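For reference, the structure is listed below as structure tokens.
There are 2 protein chains.
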Amino acid sequence: MDEFDLIARYFRTERLQRAAASGAVALGIGDDAALLQPAAGQQLVISTDTLVEGVHFPVNGPPAELGYRALAVAVSDLAAMAAEPLGFTLALTLPQAEAGWLQAFSAGLGDAARDCRINLIGGDTTRGPLNIGVTVFGQVPAAQALTRSGARPGDLLCVGGCLGDGAAGLAVVLGQALPAGLPMAEQNYLHQRFWRPLPQLALGALLRGHASAGLDVSDGLLADAAHIAKASGVCLQINGPQLPMSDALRSWPERQQLDWMLRGGDDYVLLFTLPRAARGQIQRWRQAGQRVSVIGQVQAGQGVQLDLGLGMRPVDGPGGYQHFRSQDD
Amino acid sequence: MDEFDLIARYFRTERLQRAAASGAVALGIGDDAALLQPAAGQQLVISTDTLVEGVHFPVNGPPAELGYRALAVAVSDLAAMAAEPLGFTLALTLPQAEAGWLQAFSAGLGDAARDCRINLIGGDTTRGPLNIGVTVFGQVPAAQALTRSGARPGDLLCVGGCLGDGAAGLAVVLGQALPAGLPMAEQNYLHQRFWRPLPQLALGALLRGHASAGLDVSDGLLADAAHIAKASGVCLQINGPQLPMSDALRSWPERQQLDWMLRGGDDYVLLFTLPRAARGQIQRWRQAGQRVSVIGQVQAGQGVQLDLGLGMRPVDGPGGYQHFRSQDD
Chain A
2 MDEFDLIARY
12 FRTERLQRAA
22 ASGAVALGIG
32 DDAALLQPAA
42 GQQLVISTDT
52 LVEGVHFPVN
62 GPPAELGYRA
72 LAVAVSDLAA
82 MAAEPLGFTL
92 ALTLPQAEAG
102 WLQAFSAGLG
112 DAARDCRINL
122 IGGDTTRGPL
132 NIGVTVFGQV
142 PAAQALTRSG
152 ARPGDLLCVG
162 GCLGDGAAGL
172 AVVLGQALPA
182 GLPMAEQNYL
192 HQRFWRPLPQ
202 LALGALLRGH
212 ASAGLDVSDG
222 LLADAAHIAK
232 ASGVCLQING
242 PQLPMSDALR
252 SWPERQQLDW
262 MLRGGDDYVL
272 LFTLPRAARG
282 QIQRWRQAGQ
292 RVSVIGQVQA
302 GQGVQLDLGL
312 GMRPVDGPGG
322 YQHFRSQDD
Chain B
2 MDEFDLIARY
12 FRTERLQRAA
22 ASGAVALGIG
32 DDAALLQPAA
42 GQQLVISTDT
52 LVEGVHFPVN
62 GPPAELGYRA
72 LAVAVSDLAA
82 MAAEPLGFTL
92 ALTLPQAEAG
102 WLQAFSAGLG
112 DAARDCRINL
122 IGGDTTRGPL
132 NIGVTVFGQV
142 PAAQALTRSG
152 ARPGDLLCVG
162 GCLGDGAAGL
172 AVVLGQALPA
182 GLPMAEQNYL
192 HQRFWRPLPQ
202 LALGALLRGH
212 ASAGLDVSDG
222 LLADAAHIAK
232 ASGVCLQING
242 PQLPMSDALR
252 SWPERQQLDW
262 MLRGGDDYVL
272 LFTLPRAARG
282 QIQRWRQAGQ
292 RVSVIGQVQA
302 GQGVQLDLGL
312 GMRPVDGPGG
322 YQHFRSQDD
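First to last, the protein sequences are chains A and B. Taken in order, the first sequence gives residues 2 to 330; the numbers are from this note's numbering. Taken in order, the second sequence gives residues 2 to 330; the numbers are from this note's numbering.
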């Protein structure tokens, strides 16, 4: 089977190309390029993500889960911009063309496309060490994108869901020693939180016109808070006891919980700042099913401060996961 | 140096982000996503390409040349759609962060960005086996994109420049035995044709409203002609003696010339079909400096036919380079 047959069989599927009703895709897979037509008054939102075996996921990861995670992680950046998904391209580098692997990968990718309501519009398949590149496209009304640079002193610091589950999920996926008595249901929950994160697209849309800055927690709470602080030229203060935790995470020792909530990353929940005048929205968002927590506030200054019960203390360095830093630092 | 410092030092440069004057980039590198605003009445054109070491370029290729080629090859797909470049994202996977390599790569990438008038708007840097993913964005007036599916019987088949130089260039780059007496100037020309292909953006823009179908020759003339034939539901006939050849290529034996022109690939010149009523344009394009040749015609039927002096004969299989096919086929 040659490259073109491969692409046709596993990626030119209705399931991937028609995952969502969309008038925006004027030309999909099969030509030199795809054509997108954002609606009038909308800006196009673009983000690219790469997943590498052994870096972003364990070696020999299950292909269906890889397919899901690769797309969901990229779409999370659209949620973080308060954008509506339109389409994505896939740049897939594979050591060999193995039908079973491709079928499972395509199925997981299709699940994510369905859940995120986004269509495959183009791609490139090449031979080499496994590397999954996804570029996502969305639209947002002009001037309403949620950037990192709008946080102002006095704003509240909020998070859209539980922290630490991504790191705990990785421990489960890697088969590390788990706390005695961790129920199977909680193990399954964490397994899913790692492999099938759900981008907070609905929350992102609700934040339009209200939140002053935002992003999705991928590097870890402290590292991502530092991104907002730097881009906005402010200090972000985090109240440790207010950090939201899942029931599953409570089974671990307190020190491990805290470390994962602060530095674990891979949570893909939205972290955002909210002017106090808009705090009435929080109750409405909760009624709409969003688990929004206030975890701190914005002050004049710079960097990130953390209160673990002994008052606010500066956090030295972002402390998040960084690919080009030795893990022994 | 951590990942963020690396990106900042070598990719957040004025040279890459301001390679072209463009009002279309509303938000560039540094947030969760970039924001593009195509002009009114324009469609967004999107294409993604991956370059893998040992597959698309020799192992330990010079980083400046890799940077140039990675972007130029991707932009060629915009030319093939008759689009105007707007921006690109870079997904770069590297075994390690080596300052000299990154500096040279960024410089070559910047040269291509300048030559193609396109700005870097986002990216992702990860650790792993070398893999260069480029996604390019352009705009084209609605309904004027040049697709593969519009060729009709009676149309002329044209090419925008010399064929076979990409493959001859690869032979030079690989240090293969060259024809005796090949002048150094010709060697340099071919070296450049491989590492620094020039996307035919100006020709693509000229073809708008005239050409009926088109693409850029990357897989090889026969393979790419087959793409148009299949997408348009027609037969493409190629007159071998009309294929345009550079002076450099003439130094090789005739059989080698022909093989490279037909099957070599990597030429990145436009192959397009033109209704006979529009043939008067060809002279105008030549006067504008475009080296356009008529190399055949479109007939009712399917597939590709080739005349090497003994009449039109069907070509069995595309015969181009395909990554997932054994080279021994």
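Note that the Cβ used here is the ideal one computed from N, Cα and C, for glycine as well. All values derive from a computational prediction rather than experimental measurement.
In chain B, what lies closer than 8 Å to residue i by C-beta?
{"i": "Q38 (chain A)", "result": "Q44, L45 and A143"}
{"i": "V316 (chain A)", "result": "Within chain B, no residue comes near V316 (chain A); the closest Cβ sits about 16 Å away, beyond 8 Å."}
{"i": "A249 (chain A)", "result": "In chain order: nothing, as chain B lies at least about 27 Å away."}
State buried or exposed for residue i, treating a residue as buried only when at least 16 other CB atoms are found within 10 Å of its CB.
{"i": "E99 (chain B)", "result": "exposed"}
{"i": "Q284 (chain B)", "result": "exposed"}
{"i": "M82 (chain A)", "result": "buried"}
{"i": "H324 (chain A)", "result": "Only weak support is given to the placement of H324 (chain A): the predicted model assigns it a pLDDT of 40, under 50, and the value that follows is read from those uncertain coordinates. Answer is buried; the Cβ neighbour count reaches 16."}
{"i": "M262 (chain B)", "result": "buried"}
{"i": "D220 (chain A)", "result": "buried"}
{"i": "G215 (chain A)", "result": "buried"}
{"i": "G24 (chain B)", "result": "exposed"}
{"i": "P200 (chain A)", "result": "buried"}
{"i": "E255 (chain B)", "result": "exposed"}
{"i": "R149 (chain A)", "result": "buried"}
{"i": "D156 (chain B)", "result": "buried"}
{"i": "N120 (chain B)", "result": "buried"}
{"i": "P154 (chain B)", "result": "exposed"}
{"i": "G139 (chain A)", "result": "buried"}
{"i": "F12 (chain A)", "result": "buried"}
Assuming residue i and residue j make a contact with CB atoms under 8 Å, what is their CB distance in whole Å?
{"i": "I239 (chain B)", "j": "L164 (chain B)", "result": "With a Cβ gap of about 10 Å, I239 (chain B) and L164 (chain B) do not count as contacting."}
{"i": "V293 (chain A)", "j": "C159 (chain A)", "result": "6 Å"}
{"i": "I30 (chain B)", "j": "G176 (chain B)", "result": "That belief does not hold up - the Cβ atoms of I30 (chain B) and G176 (chain B) are roughly 37 Å apart, past 8 Å."}
{"i": "A35 (chain A)", "j": "G88 (chain A)", "result": "7 Å"}
Residue i touches chain C at which residues, Cβ-Cβ below 9 Å?
{"i": "R149 (chain B)", "result": "Considering every chain present, this structure includes no chain C. Its protein chains are A and B."}
Run down chain B in chain order and give the residues with a C-beta less than 9 Å from the C-beta of residue i.
{"i": "I122 (chain A)", "result": "I47"}
{"i": "N132 (chain A)", "result": "T51, V53, A92, T94, T127, G129, P130, N132 and G134"}
{"i": "L216 (chain A)", "result": "D32 and D33"}
Let me check understanding here. Comparing Cα to Cα, which of the options lies closest to residue i?
{"i": "R336 (chain B)", "options": "B:P254, B:G241, B:V60 and B:L271", "result": "Residue 336 (chain B) lies beyond the stretch modelled for chain B, which goes from 2 to 330, so this question has no answer here."}
{"i": "V53 (chain A)", "options": "B:D156, B:G151 and B:P130", "result": "B:P130"}
{"i": "S252 (chain B)", "options": "B:A212, B:C236 and B:G182", "result": "B:G182"}
{"i": "N132 (chain A)", "options": "A:G123, A:G55, A:L157 and A:S48", "result": "A:G55"}
{"i": "A279 (chain B)", "options": "B:L199, B:N120 and B:L207", "result": "B:L207"}
{"i": "Q291 (chain A)", "options": "A:G302, A:A301, A:L271 and A:R277", "result": "A:L271"}
{"i": "L237 (chain B)", "options": "B:L250, B:R128 and B:Q303", "result": "B:Q303"}
{"i": "W196 (chain B)", "options": "B:D32, B:A172 and B:H211", "result": "B:A172"}
{"i": "A212 (chain B)", "options": "B:Q288, B:I229, B:T274 and B:V174", "result": "B:T274"}
{"i": "G101 (chain B)", "options": "B:G234, B:E187 and B:L7", "result": "B:L7"}
{"i": "G134 (chain A)", "options": "B:I119, B:T94, B:F138 and B:V235", "result": "B:T94"}
{"i": "L118 (chain B)", "options": "B:L103, B:V60, B:V137 and B:D268", "result": "Here residue 118 (chain B) turns out to be Arg, not Leu, going by the sequence shown. For R118 (chain B), the nearest C-alpha among the options comes from B:V137."}
{"i": "I229 (chain A)", "options": "B:P96, B:D33 and B:G312", "result": "B:D33"}
Could you name the residues of the same chain whose beta carbon sits closer than 6 Å to that of residue i, not counting the 5 residues immediately before and after it, in chain order?
{"i": "V74 (chain B)", "result": "D50"}
{"i": "A65 (chain B)", "result": "A105, A108 and G109"}
{"i": "G205 (chain A)", "result": "A80 and A83"}
{"i": "R209 (chain B)", "result": "A83 and Q145"}
{"i": "G162 (chain B)", "result": "V270 and R292"}
{"i": "R10 (chain A)", "result": "none"}
{"i": "R326 (chain B)", "result": "Below a pLDDT of 50, predicted positions are generally treated as unreliable, and R326 (chain B), at 35, falls in that range; no measurement from the model is reported."}
{"i": "S247 (chain A)", "result": "C163 and D166"}
{"i": "A113 (chain B)", "result": "Y69, L72 and A73"}
Under 7 Å Cβ to Cβ from residue i, same chain only, skipping five residues before and after it: list those, please.
{"i": "R194 (chain B)", "result": "D166, G167 and G170"}
{"i": "Y322 (chain B)", "result": "Residue confidence for Y322 (chain B) is low, a pLDDT of 39 falling below 50, so the modelled location carries little weight; the figure read from the coordinates is stated next. Once the five neighbours on either side are set aside, the close Cβ partners of Y322 (chain B) are D220, G221 and G266."}
Which bits of chain A does residue i rub up against, with CB to CB less than 8 Å?
{"i": "L409 (chain B)", "result": "One cannot answer for residue 409 (chain B) here, as it falls past the ends of chain B, which runs 2 to 330."}
{"i": "D78 (chain B)", "result": "D33 and A34"}
{"i": "A114 (chain B)", "result": "What A114 (chain B) touches in chain A: nothing, since even the nearest Cβ is about 16 Å away."}
Whose Cβ in chain A lies nearer than 7 Å to the Cβ of residue i?
{"i": "V26 (chain B)", "result": "Those within 7 Å of V26 (chain B) in chain A number zero; the least Cβ separation is about 10 Å."}
{"i": "V56 (chain B)", "result": "T127, R128 and G129"}
{"i": "A22 (chain B)", "result": "Neighbours of A22 (chain B) on chain A: none; closest Cβ ~19 Å, over 7 Å."}
{"i": "F195 (chain B)", "result": "Going along chain A, no residue has its Cβ under 7 Å from F195 (chain B), so there is no contact; the nearest lies around 18 Å."}
Does the ligand SAM have even one heavy atom less than 7 Å from the beta-carbon of residue i?
{"i": "G297 (chain B)", "result": "Because no ligand of any kind appears in the structure shown, any question about the ligand SAM cannot be addressed here."}
In its own chain, which residues sit with a C-beta less than 8 Å from the C-beta of residue i, not counting the 5 before and 5 after it?
{"i": "G310 (chain B)", "result": "G241 and P242"}
{"i": "G42 (chain A)", "result": "P142 and A143"}
{"i": "G111 (chain A)", "result": "T14, R16, L17, A20 and G68"}
{"i": "P245 (chain B)", "result": "V160, G162, C163, L164, R292, S294 and I296"}
{"i": "W286 (chain B)", "result": "L204, L207 and V293"}
{"i": "H192 (chain B)", "result": "G170, V173 and V174"}
What residues of chain A sit near residue i, judged by a beta carbon separation below 9 Å?
{"i": "F273 (chain B)", "result": "In chain order: nothing, as chain A lies at least about 11 Å away."}
{"i": "A81 (chain B)", "result": "D32, D33 and A34"}
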